[in-house]
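What the sequence shown shows, in this note's numbering, is residues 40 to 239, in sequence order. Backbone N, C-alpha and C fix where the C-beta goes; we use that ideal spot for every residue, glycine too. Note that this is a predicted model, so its numbers are computed, not measured. Take a look at the structure below.
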Amino acid sequence: MAMYRSNRNALYLGGALIALGVLFLLNNARIIRFDFIFAHFWPLLLIAIGVLVIYKSYHRGRSPVVHSTLGDRSAYTADDAVDVSHTFGDLRVFPDSQAFKGGKLQTTFGELHVDLSRIKLSKGKNVLNLNVTFGEIVVVLSRELPVRVTASNVGGDIRIFEQKWDGLNQRAVWQSKVYDGAASALDIVCTIVFGDIKVW
């Protein structure tokens with residue numbers, strides 16, 4: 040799928056972090072001493088990371104393919120099903136399918152933002168699972184869409200349109216007026232450990 044094409048920048052960043060970790064281990068084992076070099080070039084490393092972030096932010100959104108910026112990922116897709124697992128950083132997904140079947144999106148640390156305002160549903164019952172460990176889930180959808188939202192968390196707030204639940208171990212269920220009896224329907228299951236769930 041076009042949405043999940045590999046990104047060389049993420050590979051380079053991962054390699055650089057691994058190399059830096061190895062250098063720290065060698066320095067601690069007194070095999071290689073680079074305290075002097077690292078102390079003087081640390082600001083240059085921060086400047087390089089800042090330039091990379093600005094450059095990638097500037098170019099984000101110019102292509103319908105996945106963009107990554109130091110862990111953040113945005114995806115515009117016409118695929119009928121989505122399946123993305125992300126560890127660190129925000130995940131933003133903008134499906135534009137004309138026969139959306141749902142799927143699974145998850146991130147461990149960060150915001151999961153899904154814009155469902157442009158989709159049309161596949162026939163039958165479709166399920167979209169959204170999972171976050173620490174962070175936030177934001178879902179944008181139309182009230183005219185035949186949808187049922189089931190949201191649960193350990194700690195944080197749940198807001199579905201005008202309704203709000205707060206406290207610990209909350210579970211909320213909301214469905215649109217056109218959900219019952221619809222030939223095409225979507226069930227969105229939002230699960231977060233610590234953080235907020237917002238649906239509007």
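According to DSSP, residue i sits in a beta bridge with which residue or residues?
i: Ala120; result: Gly141
i: Phe148; result: Phe127 and Phe173
i: Ser215; result: Looking at the DSSP assignment, Ser215 forms no beta bridge with any residue, so it has no partner.
i: Val153; result: Val132 and Val178
i: Leu160; result: Phe139
One question on the structure: do residue i and residue j come within less than 8 Å of each other, judged by their Cβ atoms?
i: Ile86; j: Ile176; result: no
i: Thr156; j: Ser181; result: First, the amino acid is wrong: residue 156 is Ser here, not Thr. Contact: yes.
i: Phe233; j: Phe148; result: no
i: Val153; j: Ile199; result: no
Taking the beta strand (DSSP E) that residue i belongs to, which residues open and close that run?
i: Leu169; result: Gly163 to Val179
i: Phe133; result: Leu130 to Pro134
i: Ser191; result: Val186 to Ile199
i: Leu9; result: Since the first and last residues shown for the chain are 40 and 239, residue 9 lies out of range.
Among the candidates the options, whose CA atom is the shortest distance from the CA of residue i?
i: Lys216; options: Ser191, Pro185, His125 and Ala117; result: Pro185
i: Val179; options: Leu56, Pro134 and Asp122; result: Pro134
i: Gly163; options: Asp226, Leu144 and Ala222; result: Ala222
i: Val193; options: Ile158, Asn66, Cys229 and Ala55; result: Cys229
i: Val166; options: Ala138, Phe173, Trp204 and Glu150; result: Ala138
i: Asp205; options: Trp213, Gly195, Val212 and Gln214; result: Gly195
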